[in-house]
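> First, the structure itself, so that you have it in front of you.
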Amino acid sequence: MKQYDVAIVGAGVIGASIARVLSRHALKIALIDARGDVSMGASRANSAIVHAGYDCEPGTNMARLNVRGNALFSQWCQELDVPLMRTGSLVVAFSPEEEQSLAGLFARGQENGVPDLALISGEQARKMEPNLSGNVTQALYAPTAGITCPFEFAIACAENARANGAEWLLNHKVTGIHKEGDFLVLETEQGSLAARRVVNAAGVYADEIARFVGDASFSIHPRKGEYLLLDRNALPLNTVLFQTPSKMGKGVLVSPTVHGNAYAGPTAVDIDDKEDTAVCQNSIDDLKRLAQKTVPGIDFRKTIRAFAGVRAQPSTKDFVLGPSATEPRMIHAAGICSPGLSSAPAIAEEIAQAVLDSGLLAADNTAYTPIRRAIPRFAEMDDAQREAIIAQNPLYARVICRCCTVTQGEIVEAIRRGARDVDAVKRRTMAGMGRCQGGFCAPRVMELLEKEAGIAPEALTKFGGNSHMIAGYTRGEERA
Numbered sequence: 001m002k003q004y005d006v007a008i009v010g011a012g013v014i015g016a017s018i019a020r021v022l023s024r025h026a027l028k029i030a031l032i033d034a035r036g037d038v039s040m041g042a043s044r045a046n047s048a049i050v051h052a053g054y055d056c057e058p059g060t061n062m063a064r065l066n067v068r069g070n071a072l073f074s075q076w077c078q079e080l081d082v083p084l085m086r087t088g089s090l091v092v093a094f095s096p097e098e099e100q101s102l103a104g105l106f107a108r109g110q111e112n113g114v115p116d117l118a119l120i121s122g123e124q125a126r127k128m129e130p131n132l133s134g135n136v137t138q139a140l141y142a143p144t145a146g147i148t149c150p151f152e153f154a155i156a157c158a159e160n161a162r163a164n165g166a167e168w169l170l171n172h173k174v175t176g177i178h179k180e181g182d183f184l185v186l187e188t189e190q191g192s193l194a195a196r197r198v199v200n201a202a203g204v205y206a207d208e209i210a211r212f213v214g215d216a217s218f219s220i221h222p223r224k225g226e227y228l229l230l231d232r233n234a235l236p237l238n239t240v241l242f243q244t245p246s247k248m249g250k251g252v253l254v255s256p257t258v259h260g261n262a263y264a265g266p267t268a269v270d271i272d273d274k275e276d277t278a279v280c281q282n283s284i285d286d287l288k289r290l291a292q293k294t295v296p297g298i299d300f301r302k303t304i305r306a307f308a309g310v311r312a313q314p315s316t317k318d319f320v321l322g323p324s325a326t327e328p329r330m331i332h333a334a335g336i337c338s339p340g341l342s343s344a345p346a347i348a349e350e351i352a353q354a355v356l357d358s359g360l361l362a363a364d365n366t367a368y369t370p371i372r373r374a375i376p377r378f379a380e381m382d383d384a385q386r387e388a389i390i391a392q393n394p395l396y397a398r399v400i401c402r403c404c405t406v407t408q409g410e411i412v413e414a415i416r417r418g419a420r421d422v423d424a425v426k427r428r429t430m431a432g433m434g435r436c437q438g439g440f441c442a443p444r445v446m447e448l449l450e451k452e453a454g455i456a457p458e459a460l461t462k463f464g465g466n467s468h469m470i471a472g473y474t475r476g477e478e479r480a
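The numbering of the sequence shown is the UniProt record's numbering, which starts it at 1 and goes up by one.
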């Protein structure tokens, strides 16, 4: 049975960020996930907003870590080669009652230490964002807000942690935990492993991981959010547009993405099934209506994808952080709902310190580097750069994904970094994220997965599990 100093359960943006910070130390670290890739839970389907921090209740973990995390994001994205755009955000009001709510948010943001907040008129807001409804009477402007790509951020953190010595243990669903001397033994579907400390960053399943050590101090309730993604340039936006929040969250927003698209969402539907990512037509109809209240000119005929993610809503109404009261060798990073992505760097710092404060001795990792480089993107290069990279690697001369101009060189590099299914390639390269949603490039990506990773055609999947790409295939038959 392999032994580790720290086992992190959950390889989403929180678990991967914690692994990155812990890898600064000479520790044997395992980043564990039930799925076949990192960033497969809420990290692959959320709003991608780096929130400013005005919405959180003062004095909470959320408020404290949102503002700190936002401040860290620029440095982290620079080191990890991840896109970040400080677009700012507008929370808009349509009535005197909603203007009162904005005043409350402004006061809360000041108490939380959010810099440069301002209440502006509807006319000023429309000068910043011409697509905004003429019915908006006032807006709260937060210039420190921004947008990133959540799954790129999680993958980058995980890759950086791995480069600094951490191991990825994917397809390792944890089915139980018991104590053996100085270790907690994690039973998984791939066998058992032992760790001196366990970090519980298991997203919607964090309460179930806590129950394995007898900790019933919190529960996690799943809340589904549905989104509509528009084609590139279908709705040019300058900033992130929120409606006045409600008890169900920050409401339906309209936002640009770092890849040139725009989207509307999310809905907020409390559900029972933590794996329910189905999209409901009634919810989508409500989403369209609410989004068009903010931006009347949205043309939803240019939607290229509808999708949903499941968010972890903690019974505590706040992030659950720190050692378990029933088993101090388990450190919780649980109940991480919005603003979890924005808070991730700060959460990682705090949890890593809690691990060290628990008595786990660790020297500095003398080989540590904070730098991780993304796969070079052909679509973002000028002609001279394209000529240079083709001369270095001729695979960059063959475009596989025409919608997003993704080359064979990028896809091969993604596979070499660990992509093992079609969507894993998509998250690393954008192949399949364009207008045709993989209709043209998916067969080419499958061929490269078979060739580079040695995955048999009948075993190729879209996103792991039973999402097989080929039905009824028998080895030896001629393929189209």
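All residues carry an ideal CB built from backbone N, CA and C; glycine is no exception.
Rounded to whole angstroms, what is the Cα-Cα separation between G439 and D423?
Approximately 13 Å, taken between the alpha carbons.
> DSSP puts V9 in a beta bridge; with which residues?
Partner(s): I32, N200.
> Would you kindly work out how many angstroms separate the C-alpha atoms of A262 and G359, rounded to a whole number?
Going by the C-alpha atoms only, they are around 47 Å apart.
> What does DSSP give as the partner residue(s) for M330 in the beta ladder?
M330 is bridged to V198.
> So is R398 buried or exposed if we call it buried at 16+ other beta carbons inside 10 Å?
That one is exposed.
> Go ahead and label Q243 buried or exposed: buried means 16 or more other beta carbons lie within 10 angstroms of its beta carbon, across all protein chains shown.
By the 10 Å Cβ count, Q243 comes out buried.
> In this structure, does DSSP put M62 in helix, strand or coil?
Three-state DSSP puts M62 in a helix.
> Can you grab the Cα-Cα spacing for the pair V258 / E187, in whole Å?
Those two C-alpha atoms are separated by around 39 Å.
> Pull up the distance between the alpha-carbon of I49 and that of I336, whole angstroms please.
Each residue's alpha carbon lies about 15 Å from the other.
> Since I believe S315 is in contact with F218 (beta carbons under 8 Å), could you give me their beta-carbon distance rounded to a whole number of angstroms?
The pair is a contact, with the Cβ atoms about 5 Å apart (cut-off 8 Å).
> Hey, out of S17, R420, M446, A125, whose CA is closest to L237's CA?
Cα-wise, what sits closest to L237 is A125.
> Using C-beta distances below 6 Å, list every residue in its chain close to R20, excluding the 5 sequence neighbours before and after it, in chain order.
Cβ neighbours of R20 beyond the five flanking positions: C157, N160, A161.
> For G322 and E123, what's the separation of their Cα atoms in angstroms?
The alpha-carbon atoms of G322 and E123 are separated by roughly 46 Å.
> Among S133, K179, V425, which residue has its Cα nearest to the Cα of R44?
Checked all of S133, K179, V425; the closest Cα to R44 is V425.
> Could you check where the alpha helix (DSSP H) with I155 kicks off and where it finishes?
150-163 is the span of the alpha helix (DSSP H), which, as asked, contains I155.
> Between the C-alpha atoms of K274 and S324, what's the straight-line distance to the nearest angstrom?
The alpha-carbon atoms of K274 and S324 are separated by roughly 23 Å.
> Alpha carbon to alpha carbon, what distance is there between I271 and A419?
Those two C-alpha atoms are separated by around 31 Å.
> Measure from the C-beta of T316 to each C-beta in chain D and report whether the shortest distance is under 8 Å.
Protein chains in the displayed structure number just one, and chain D is not present.
> Would you mind giving the Cβ-Cβ distance between S133 and K293, rounded to the nearest angstrom? I have them listed as a contact below 8 Å.
Confirmed, about 7 Å.
> Over the uninterrupted alpha helix (DSSP H) stretch that includes K288, give me the two end residues.
Its alpha helix (DSSP H) spans residues 281-294.
> How do the stretch 134-154 and the stretch 85-101 stand: do at least 3 beta-carbon pairs fall below 8 Å, yes or no?
Contact holds: three or more Cβ-Cβ distances are below 8 Å.
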